[in-house]
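To start, the structure under review is shown below, and the notes come after it.
Residue numbers (the working numbering), protein chains in the order written: chain Y, -16 to 66; chain H, 314 to 682; chain F, 291 to 504.
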């Protein structure tokens, strides 16, 4: 089981979220869009690469990005469901 | 300051759809795409690319194409000519071959790696008065043409040779794949079902001079702008492209209603074609015939500006509107897309090039005034 | 044709291995954009903050080797058969740095990047002089960021692996007060040398004017 803390640390490292700590990312904060963390479409591709490289989980359907990447919680749930 | 006129007096090109510019134009008019599927570039993933059929050395192709242009011109040599190069990868293919073989940089010659490699190789075969190279991703050779235009209009040079050149490289192929914008078949610019672009290679060489000769076409206007939006996505409303097109027309004192043909950047990606169509619609409505020729040539990246300039020049010389290929159902319902090759009198042709970083360049060509 | 350019403002940065940029967070407070900037882009941001008389007009930039770090990352990913980062790819084009300036400062003007090997900074000056004939004030930039792993395998003469120069220029009829020549500082890249010489000497002059031969 991947822990929330681990996932947040990996997101911060791989997406180069400078000066952010895991405490700065709320579990239910939207990852995309200006009202949340503010990731963009290039980040969504980087996320797919990160999830594969760090957790061995592949996401092949780009239409599923919106659901899987909605929040850190939804991403964690998805990863743990695949493992 | 008096403004000289700028004439395109000789040109030649090589790309996947034709070993010469004439062959290319015939292929466009006959809907004969040069794009093919390859599976050796990305493991387990066939992709469609515009690869020049005959294998070539970069140096030999540069020399041969420039020699052909020289032979078509009235110049004896290029000694009074400025060389302006536009390229986005320069010598990257050479660097990749060496690095992937050796796994270190020690055998890489910096002079053959960077953008300047092209001017450097050409200087082994020709003497130019001076040279300068532009590298702005997909607008590289459009910007080279713009610079050539300015050097002549301002009376600095009488002769400028523009070379647009990009080879295929793993960097660009895998890079565009990483962005998720490659198609596995020949692209469908402006179509509702379009699913991406085709990376391609090509060389396009044009001689620009301040005096006309038989069959000259004039480069009348250049427009530049920056989107200031995102590195890899155009601004969705096409505002940057609109601005560049407007400036090119203003530069030439030509009204949108006078433009007969627009050679769009039209890469076949969702983002580019939607925003570019928006911009063209705002400025031209259904007045001009619009086509993208990238379904035939692929996207030759830094060479595309010069290659598509040649297509516009030939279209004007022959008074033929080049058609779209693979356009079945246009997403934009307003624009007048050319579906078939059509002989039609027209005076002006506009060519768009839109690049990473939001760099936009529009070039206006016309029958001599 | 000769064109005289008045140097309204200038700045330069040199680093033997790396240029320190302690103000970057202050200059680019928006972290989500700042995290994407290449070193070259950050150098250009710092240079822009140090010059005056440029309110957002046309920009001309030159670099012989462009974004070497992202290029190297891509080559290594291909060599190691790893997936390529899309961020690295979009940041590998030669016009990356000035494009970020355009995005950060909402600059919609003509912004060009050239790359002419050792002649890069001379060509930036020539292109700048040509465009300055239109009467506007231009920002001329050049940079090199060569501090990548393994650079010593190909670099045998450059002592300053990171460098950048900015000049704010305008055309003038006045006579030249500074000769265009390579910088006297040993070990700087040839590709920035002439512009560096101008930036090093312009501040000492009441009116710094160079003559550029187009």
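Note that beta-carbon positions come from the ideal geometry of N, C-alpha and C, so glycine has one too.
Give the secondary structure of residue i by DSSP, where H, G and I count as helix, E and B as strand, and everything else as coil.
i                      : result
residue 341 of chain F : coil
residue 416 of chain F : helix
residue 384 of chain F : coil
residue 682 of chain H : coil
residue 302 of chain F : strand
residue 438 of chain F : coil
residue 24 of chain Y  : helix
residue 423 of chain H : helix
residue 330 of chain H : coil
residue 453 of chain H : helix
residue 351 of chain F : strand
residue 426 of chain F : coil
residue 8 of chain Y   : coil
residue 656 of chain H : strand
residue 498 of chain H : coil
residue 318 of chain F : coil
residue 48 of chain Y  : helix
residue 443 of chain H : strand
residue 322 of chain H : strand
residue 294 of chain F : strand
residue 562 of chain H : helix
residue 462 of chain H : helix
residue 379 of chain H : helix
residue 3 of chain Y   : coil
Name the chain Y residues that come within less than 8 angstroms of residue i, Cβ to Cβ?
i                      : result
residue 375 of chain F : 29, 32
Determine the contact status of residue i and residue j, defining contact as a CB-CB distance below 8 angstroms.
i                      : j                      : result
residue 666 of chain H : residue 502 of chain H : no
residue 513 of chain H : residue 610 of chain H : yes
residue 625 of chain H : residue 678 of chain H : yes
residue 364 of chain F : residue 492 of chain F : no
residue 676 of chain H : residue 664 of chain H : yes
residue 476 of chain H : residue 521 of chain H : no
residue 292 of chain F : residue 501 of chain F : yes
residue 481 of chain H : residue 362 of chain H : yes
residue 508 of chain F : residue 429 of chain F : Residue 508 of chain F is absent from the model: chain F starts at 291 and stops at 504.
residue 10 of chain Y  : residue 56 of chain Y  : yes
residue 437 of chain H : residue 531 of chain H : no
residue 318 of chain F : residue 391 of chain F : no
residue 342 of chain F : residue 299 of chain F : yes
residue 425 of chain F : residue 461 of chain F : yes
residue 391 of chain H : residue 439 of chain H : yes
residue 580 of chain H : residue 612 of chain H : yes
residue 593 of chain H : residue 342 of chain H : no
residue 376 of chain F : residue 29 of chain Y  : yes
Residue i touches chain F at which residues, Cβ-Cβ below 9 angstroms?
i                      : result
residue 2 of chain Y   : 315, 321
residue 448 of chain H : 353, 356, 383, 384, 385, 403, 404, 405
Quick one: list the residues of chain F neighbouring residue i, beta-carbon separation under 7 angstroms, in chain order.
i                      : result
residue 21 of chain Y  : 322
residue -1 of chain Y  : 325
residue 421 of chain H : 444
residue 343 of chain H : The contacting residues do not exist; residue 343 of chain H stays about 34 angstroms from chain F at best.
Run down chain H in chain order and give the residues with a C-beta less than 8 angstroms from the C-beta of residue i.
i                      : result
residue 525 of chain F : The first residue shown for chain F is 291 and the last is 504, placing residue 525 of chain F beyond what the model contains.
residue 344 of chain F : Correct list: empty, because the minimum Cβ distance to chain H is about 15 angstroms.
Residues of chain H with a CB under 7 angstroms from the CB of residue i: which are they?
i                      : result
residue 364 of chain F : 484, 488
residue 508 of chain F : Lying before the first or after the last residue shown, residue 508 of chain F is absent from chain F, which here runs from 291 to 504.
residue 25 of chain Y  : 545
residue 413 of chain F : 445
By the criterion of Cβ-Cβ separation under 9 angstroms, what are the contact partners of residue i in chain H?
i                      : result
residue 368 of chain F : 409, 412, 413, 483, 484, 487
Practice task
Closer than 9 angstroms, Cβ to Cβ, to anything on chain Y: give me those residues from the region 489 to 506 of chain H, in chain order.
Solution key: Residues 491, 492, 493.
Problem - Under 7 angstroms (Cβ pairs) to chain H, residues found in the region 460 to 487 of chain F - result: Hits within the stretch: zero.
Problem - Residues of the region 657 to 677 of chain H whose Cβ lies closer than 7 angstroms to any Cβ of chain F, in chain order - result: Within the region 657 to 677 of chain H, the residues whose Cβ lies closer than 7 angstroms to some Cβ of chain F are 669, 670, 671, 672, listed in chain order.
Exercise for the section: Could you name the residues of the region 531 to 551 of chain H whose beta carbon sits closer than 9 angstroms to any beta carbon of chain Y, in the order they occur along the chain? Expected result: Correct list: 543, 544, 545, 546.
Problem - Members of the region 405 to 417 of chain H near chain F, C-beta cut-off 9 angstroms - result: Under the 9 angstroms Cβ criterion, the region 405 to 417 of chain H contributes 405, 408, 409, 412, 413, 416, 417.
Practice task
Scan the region 321 to 336 of chain F for residues whose Cβ lies nearer than 7 angstroms to a Cβ of chain H and list them as they occur along the chain.
Solution key: Here the close residues number zero.
Practice task
Please name the residues in the region 385 to 407 of chain F whose beta-carbon is closer than 7 angstroms to at least one beta-carbon of chain H, in chain order.
Solution key: Those residues of the region 385 to 407 of chain F that come within reach of chain H (Cβ to Cβ, closer than 7 angstroms) are 385, 386, 389, 392, 393, 396, 397, 398, 399, 400, 401, 402, 403, 404, 405, 406, 407.
Exercise for the section: Mind checking the region 434 to 446 of chain F against chain H and listing, in chain order, the residues whose C-beta falls within less than 7 angstroms of any C-beta there? Expected result: From the region 434 to 446 of chain F, only 440, 443, 444 have a Cβ closer than 7 angstroms to chain H.
Exercise for the section: Kindly confirm or deny that the region 405 to 417 of chain F and the region 351 to 358 of chain F touch, where touching means at least three C-beta pairs closer than 8 angstroms. Expected result: Under the 8 angstroms Cβ criterion, the region 405 to 417 of chain F counts as touching the region 351 to 358 of chain F, having at least three qualifying pairs.
Problem - Segment contact, 8 angstroms Cβ cut-off, at least three pairs: the region 433 to 449 of chain H with the region 479 to 495 of chain H - result: The answer is no - the region 479 to 495 of chain H does not touch the region 433 to 449 of chain H, with fewer than three Cβ pairs under 8 angstroms.
Problem - Segment contact flag, the region 370 to 380 of chain F with the region 385 to 398 of chain H, C-beta cutoff 8 angstroms, min 3 pairs - result: No contact exists between the region 370 to 380 of chain F and the region 385 to 398 of chain H.
Exercise for the section: Assess, as a yes-or-no matter, whether the region 612 to 629 of chain H is touched by the region 316 to 334 of chain H under the definition of 3 or more beta carbon pairs within less than 8 angstroms. Expected result: By the C-beta criterion, the region 316 to 334 of chain H is judged to be in contact with the region 612 to 629 of chain H, since at least 3 inter-stretch pairs fall below 8 angstroms.
Practice task
Determine, using beta-carbon pairs with one atom in the region 492 to 500 of chain H and one in the region 580 to 595 of chain H, whether at least three such pairs fall under 8 angstroms.
Solution key: Yes, the region 492 to 500 of chain H is in contact with the region 580 to 595 of chain H.
Problem - contact_flag[the region 594 to 601 of chain H, the region 569 to 583 of chain H] where n(CB pairs < 8 angstroms) is 3 or more - result: The region 594 to 601 of chain H, when compared against the region 569 to 583 of chain H, does touch it at the 8 angstroms Cβ threshold.
Problem - Within 7 angstroms of chain F by C-beta, residues of the region 591 to 612 of chain H in sequence order - result: Within the region 591 to 612 of chain H, not one residue has a Cβ closer than 7 angstroms to any Cβ of chain F.
Handout entry: Touch test, the region 427 to 437 of chain H against the region 464 to 479 of chain F, Cβ-Cβ under 8 angstroms, three pairs minimum
Key = Note that the region 427 to 437 of chain H does not touch the region 464 to 479 of chain F; fewer than 3 beta-carbon pairs, one per stretch, sit closer than 8 angstroms.
Exercise for the section: Could you say if the region -5 to 3 of chain Y and the region 311 to 328 of chain F meet the contact criterion of at least three C-beta pairs nearer than 8 angstroms? Expected result: Contact holds: three or more Cβ-Cβ distances are below 8 angstroms.
Practice task
Assess, as a yes-or-no matter, whether the region 532 to 549 of chain H is touched by the region 449 to 468 of chain H under the definition of 3 or more beta carbon pairs within less than 8 angstroms.
Solution key: Touching, per the Cβ criterion.
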